[in-house]
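Participant: Position in the sequence shown counted from 1, then plus 85, gives you my numbering. C-beta atoms are modelled at their ideal positions from N, C-alpha and C, and glycine is treated no differently.
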Amino acid sequence: MPKEVKQSAWGENHGWHAPSTELIPVLREKAKSKPVWNPLPVHFAIDIGPSNPFQERALAEMTATLTSEALEGTETEVPTRKTLLDGRPNMIVMFGDGTLNARVNTIPTYLKLPTPKPPFLLINTVDRLPLVDFELARTQLVAGACNNGVLFEGPQNGYEPSAALWTSMQGNHMELRKPYPEIIDDVTKRILAHYGTKYVTQRYAGEAPSWFTWGEWERSPIHPEVAEAAWSLGKSGLVQDKVDLSRYFDDDIHVWSIQKALNKSLGESMRAQFDPDLRVMGITVSGGGKVEVSADPHDGHLVPVMQITPDGYVVVNPRGSRVKKYGNGSVETLESAKIILYGALALAGVARSFKEAEDWLNDQFTKRGVVDLVPDDLEPMITVIDHSHWHVESYDEERVEVVNPDPRYYPPDLDFACGSLDSANATASALFRSDIFRNPGTNDDPMKGKILVVELAGHGLIALGTNRRQVTRALTDERVMKLRPPRWV
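Structure, rendered in structure tokens:
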């Protein structure tokens, strides 16, 4: 009989429910010795201000928390291209007009901002939230042209927030129903998670020397296997090739503008696969097609990655390569690489916990600066990775194991952004809660015939295995695993 996934309350029994001004100082102290969530200060600027008393009150409360002595954030001016780097905010705030699907034109501001451009936050209010689903969540951000947003429910001329919809352009969304003032602090924590985080998507400037030839890379089975999986997932309706924003808002110029401006914030899936013979991971291209993935290596749809750095990854170009320059890997490249590396550490008994794995990796970074995905003296446990923005409703325990981030290190019900260090570490913490990692099988069958699924609240799932077709079947066959949109937890 399929096992249903039980949903947990925010920070249940682990103190994550504490007010931000009390929680964050405790986390910063713990972070000196443990790999816990430790958000950075959020420095923000307001470009379009509140349009009603509700919004004014919400802004005042969130500002007081973010700029408190405990959180150390600041409110600053909208930067120009002349603004010095250390004086730039990491969040630009825009307010809606108090109507559902409120249009906000952020593009003029976006074009004036210096590079790298800070992401935008949309804050809006409505008297009553309609039925929350993915379409509603995405529409708010397409209309508002922002990276993330919160839509509060409550009287426009009063201040009784009874619910909120938190959403990101990447697809994360969650309906929050909590009493005041908890709901304001919950939203503040999500702002910290998305804007007070380090993004680890840096591609190393050079390319590593390759120990394999183009012919070997060309013959690798990962190319046809990833292409077949992408086609199967597209056929099943789990992923779309590219995010078509025109379906959410009827203004071609507006949609085209934000498609260009927010391209890196868009994405609903990623696939990676490790070739144990070549000791290299192929990962889908950032912003590339998710369904129309070519099986021909000449098209460069899989980026070969062999090493990681503290904030990104190193691309390797096969000797005699027919691809002049590979595109950037998915924003989850470092996250995927850590999954493969930590699987190898667990299989060899080098690390039996998330902390042990993090300590090992940080030590290697200190000694070498870069780390191989699977060092020469280790063997991989996980070779197949599939990330999609769905949640698990039920699954066959004989064939699937489902785990969530370890609540000792990361709040289990808080969504983290794709490509962030916090998302990578929350995922890694979940791995070591699994029986597969705690009691791995042999090198020939390290996962004991199962696949492992890491579920990330309000975000999606990462399916892991040793056989691509087995993982794809789990995602598409309801007899193995039944999926649902990540509406709430």
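In whole angstroms, what is the alpha-carbon distance linking Leu499 and Asp384?
Facilitator: Near 37 Å, if we compare the C-alpha coordinates of Asp384 and Leu499.
Participant: Short of 6 Å in beta carbon distance, which residues of its chain neighbour Gly319, apart from the five on each side in sequence? Order them along the chain.
Facilitator: Contacts found: Val376.
Participant: Could you say which of Asp212, Leu506, Gln255 and Phe439 lies nearest to Thr184 if we only look at CA atoms?
Facilitator: Out of Asp212, Leu506, Gln255 and Phe439, Asp212 has the C-alpha closest to the C-alpha of Thr184.
Participant: What residue does the beta strand (DSSP E) around Gly588 start on, and which one ends it?
Facilitator: This structure does not reach residue 588, given that the chain is present from 86 up to 574, and the question cannot be answered.
Participant: Between which two residues does the beta strand (DSSP E) containing Ala312 stretch?
Facilitator: Run containing Ala312: none in the beta strand (DSSP E); it sits in the alpha helix (DSSP H), Ile307 to Ser321.
Participant: Indicate the three-state DSSP secondary structure (helix, strand or coil) for Lys349 in the structure shown.
Facilitator: Unreliable placement is indicated for Lys349, whose pLDDT of 49 sits below 50; the coordinate value is still reported in the next sentence. In the structure shown, Lys349 sits in a helix (DSSP, three-state: H, G or I).
Participant: Would you tell me roughly how many angstroms separate the C-alpha atoms of Trp302 and Asp362, rounded to the nearest one?
Facilitator: Between Trp302 and Asp362, the C-alpha separation is close to 10 Å.
Participant: With Pro199 and Pro164 assumed to form a contact (beta carbons below 8 Å), what rounded beta-carbon distance in angstroms separates them?
Facilitator: Indeed they touch by this definition, with Cβ atoms about 6 Å apart.
Participant: When you compare the CB positions of Pro309 and Ala380, do they come within less than 8 Å of one another, or not?
Facilitator: Contact flag set, yes.
Participant: Below 6 Å CB to CB, which residues in the same chain sit around Gly234 once its five sequence neighbours on both sides are set aside?
Facilitator: Closer than 6 Å at Cβ, skipping near neighbours: Leu207, Gln225, Leu226 and Thr252.
Participant: At the level of alpha carbons, what is the spacing between Tyr265 and Ser118?
Facilitator: The alpha-carbon atoms of Tyr265 and Ser118 are separated by roughly 34 Å.
Participant: With DSSP as the reference, label Pro389 as helix, strand or coil.
Facilitator: Here Pro389 sits in strand by DSSP.
Participant: Which value, in whole angstroms, describes the spacing of the CA atoms of Gly372 and Gly243?
Facilitator: In a straight line, the C-alpha of Gly372 is about 42 Å away from that of Gly243.
Participant: Please name the residue, chosen from Gln392, Asn190, Gly543 and Ala431, that lies closest to Ala502 on a Cα-to-Cα basis.
Facilitator: Per the Cα distances, Gly543.
Participant: Have a look at Leu214, Leu196, Asp218 and Thr191 and flag the residue whose alpha-carbon is nearest the alpha-carbon of Phe205.
Facilitator: Considering only alpha carbons, the answer is Thr191.
Participant: Could you pull the start and end residues of the beta strand (DSSP E) that Thr161 belongs to?
Facilitator: Counting along the chain, the beta strand (DSSP E) containing Thr161 begins and ends at Thr159 to Thr161.
Participant: Quick check: what's the CA-CA separation for Thr451 versus Glu292?
Facilitator: Taking the straight line from one Cα to the other gives about 20 Å.
Participant: Spell out a yes or no on whether the stretch 518–531 and the stretch 279–299 are touching, meaning 3 or more CB-CB pairs, one atom from each, closer than 8 Å.
Facilitator: The stretch 518–531 is not in contact with the stretch 279–299.
Participant: Nearest to Leu506 by alpha carbon, out of Glu157, Val285, Lys263 and Asn186?
Facilitator: Leu506 has its Cα closest to that of Val285, out of Glu157, Val285, Lys263 and Asn186.
Participant: Using 8 Å as the threshold, is the C-beta distance between Ser473 and Leu323 below it?
Facilitator: For Ser473 and Leu323, yes; Cβs fall inside 8 Å.
Participant: When the distance is taken between beta carbons, is Pro120 closer than 8 Å to Lys567?
Facilitator: It is not a contact, given that the beta carbons lie outside the stated cut-off.
Participant: Note down, in chain order, each residue of its chain lying with its Cβ closer than 6 Å to the Cβ of Leu125, except the 5 sequence neighbours on either side.
Facilitator: Same-chain partners within the cutoff: Gly281.
Participant: Rounded to the nearest angstrom, how far is the Cβ of Val539 from that of Val459, given a contact under 8 Å?
Facilitator: Not really, about 19 Å apart at Cβ, beyond 8 Å.
Participant: Where does Trp95 fall in DSSP's three states?
Facilitator: Confidence at Trp95 is low in this model, with a pLDDT of 39, below 50, so its placement is unreliable and the value that follows should be read with caution. Coil.
Participant: Check this for me: beta carbons of Val365 and Val399, under 8 Å apart or not?
Facilitator: No, the Cβ-Cβ distance between Val365 and Val399 is not below 8 Å.
Participant: Looking at Glu160: is its Cβ nearer than 8 Å to the Cβ of Thr148?
Facilitator: Their beta carbons are under 8 Å apart, which means Glu160 touches Thr148 by this criterion.
Participant: According to the neighbour-count rule (16 or more other Cβ atoms, all chains shown, within 10 Å of its Cβ), is Arg569 buried or exposed?
Facilitator: Arg569 comes out exposed.
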